[in-house]
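S.K.: Can you keep this structure in mind? I'll have questions shortly.
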Ligand code: MD3
Ligand code: FE
């Protein structure tokens, strides 16, 4: 479905992953994170993100004093990022229909007080390739508006929800206002993980 007719290209599949699929994906993520630990990047200005991050795939999105970029290795360990789990590659093929598989998957972990300010995603080589987002754990209040001027509006993203950003929505401004703490029992201790599949190179 397209929940906002004035934001064409924003596709939303509420509850696309059932509970057992969410739990098995979370277990795969946990295993992979042992090799590529979540860390707290800083902005180019030196301010720490409230979101913890890691990546899967040939390329991972990183931010530090030198700027935003995609790179093949974890900034802490120097090791390559773990492979993207096949279940996510299958979801990309099914829901986006894009002819190339994603080469990057950013993992964002939100604990109760984490936020993500309004931004555009424009560090990828081909800004026509879609982005696919998978939410796990506590519900988040997601905000999205057009690329240029125009109003933003919010949508709750719950565990198992998937959305795709294609065409004119690919450069939409978006962010996470807050979490609804305690809204899901998927993650021990609460919190939310968002996975974004992308074509970086
Ligand atoms: C709209 N993540 O990683 S996911 C990000 O929930 C990011 O962690 C948020 O924004 C999160 O860059 C939002 C939904 C999403 C992802 C990518 C988009 C919306 C988007 C790219 C373009 C437009
Ligand atoms: Fe984003």
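Numbering (full-length UniProt numbering), first residue to last: 1 to 201.
Ideal Cβ placement from N, Cα and C applies to all residues, glycine included.
All values reported here derive from a predicted model rather than from experimental measurement.
Quick check on the burial criterion: 16 or more other C-beta atoms within 10 angstroms. Buried or exposed for residue 6?
M.R.: exposed
S.K.: Quick one: residues in its chain with C-beta nearer than 6 angstroms to the C-beta of residue 161, no 5 flanking neighbours on either side, listed in chain order?
M.R.: 14, 135
S.K.: Note down, in chain order, each residue of its chain lying with its Cβ closer than 6 angstroms to the Cβ of residue 52, except the 5 sequence neighbours on either side.
M.R.: 38, 40, 109
S.K.: Should residue 121 be counted as a contact of ligand 2 given a C-beta to heavy atom distance under 6 angstroms?
M.R.: yes
S.K.: Considering only DSSP beta bridges, list what residue 64 is partnered with.
M.R.: Its beta-bridge partners are 67.
S.K.: Just reading off the beta strand (DSSP E) that residue 13 is part of, what are its end residues?
M.R.: Here the beta strand (DSSP E) through residue 13 covers 10-13.
S.K.: Keeping to the same chain, check which residues put their C-beta closer than 8 angstroms to that of residue 142; ignore five residues upstream and five downstream.
M.R.: 154, 155, 156, 157, 174, 175, 176, 177
S.K.: Measuring only the C-alpha atoms, how far is residue 159 from residue 115?
M.R.: 17 angstroms
S.K.: Within a Cβ cutoff of 6 angstroms, which residues of the same chain sit near residue 140, ignoring the five residues on either side of it in sequence?
M.R.: 157, 176, 179, 192
S.K.: Considering residue 30, what are the terminal residues of the beta strand (DSSP E) in which it resides?
M.R.: Per DSSP, residue 30 belongs to no beta strand (DSSP E); it is in the alpha helix (DSSP H), 19-33.
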